[in-house]
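All remarks here apply to the structure that follows.
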Amino acid sequence: MNKTSWLILPPMQEEITWYYGWFSVAFAIAFFIVLFGRTLYGSVVSIFVGAFQPEGANQHIDFSSNPEIFAYVPQIKLTGQPYPYLVCDIDDIDEGLIGWSNPSHSYDYFNLIFDIPHKSLRRTEPIDGDDAAK
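Under our numbering, read the sequence shown as residues 858 to 991, first letter to last.
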């Protein structure tokens, strides 16, 4: 008897093994589709369709009508300075949304965008002085 004779399969067993292998692959794929299908489907659908569902009821309070709500305006707060430094163009921002005011200087006095001239500035000179206090 040859040492490798036990490795040689009869034709019928070889065919059954081939079918069993492909059945195992198909079963594994089906198992993962069932296991992760809902999550995968939800993820793909949420890319194309909005899935946001609001909670609660509309309070009918407009953002602009509440004087205690301020907008996010990029600023740097430094220790020892009474007012923060603004780091954005505020020409088109309602000044009531900034959250602080200085009675003796305009916001341009604290705005750092005028420190380094660049092409995107709409104006190059800051407004400053008692008459420009906003």
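Just so you know, even glycine gets a beta-carbon here, dropped at the ideal spot from N, CA and C.
Keep in mind it's a predicted model, so treat the numbers as computed, not measured.
Can you have a look at I873 and say buried or exposed, based on whether 16 or more other CB atoms are within 10 angstroms of its CB?
As a working note, residue 873 is residue 16 in the sequence shown. I873 comes out exposed.
Check whether the stretch 935-943 and the stretch 957-968 are in contact - that is, three or more C-beta pairs closer than 8 Å.
yes
Nearest to Y966 (by Cα), restricted to the options I865, I947, F888:
As a working note, residue 966 is residue 109 in the sequence shown. The shortest C-alpha separation from Y966 is found at I947.
One question on the structure: do I950 and A928 come within less than 9 Å of each other, judged by their Cβ atoms?
Looking up residue 950 in the sequence shown gives position 93. Looking up residue 928 in the sequence shown gives position 71. A contact, by the Cβ cut-off of 9 Å.
Could you give the first and the last residue of the continuous alpha helix (DSSP H) run that contains E871?
Position 14 of the sequence shown, counting from 1, holds the residue named residue 871. Where E871 is concerned, the enclosing alpha helix (DSSP H) stretches over 868-905.
Report the partner residues of N968 according to the DSSP bridge assignment.
Along the sequence shown, one-based indexing puts residue 968 at 111. For N968, which the question treats as bridged, DSSP gives the partners L943.
Pick from V930, S977, M869 that is closest to G953, judged by C-alpha positions
As a working note, residue 953 is residue 96 in the sequence shown. The candidate whose alpha carbon is nearest that of G953 is V930.
State the Cα-Cα distance for the pair Q932 and T896, rounded to the nearest angstrom.
For the purposes of this step, residue 932 is taken as residue 75 along the sequence shown, with counting starting at 1. For the purposes of this step, residue 896 is taken as residue 39 along the sequence shown, with counting starting at 1. Whole-angstrom Cα-Cα distance: 41 Å.
Under 9 Å between C-beta atoms of C945 and I970:
Working through the sequence shown from its first residue, we reach residue 945 at position 88. Working through the sequence shown from its first residue, we reach residue 970 at position 113. Going by C-beta atoms, C945 is nearer than 9 Å to I970.
Quick check on the burial criterion: 16 or more other C-beta atoms within 10 angstroms. Buried or exposed for S963?
To locate residue 963, count along the sequence shown from 1; it is residue 106. Per the 10 Å Cβ criterion, buried.
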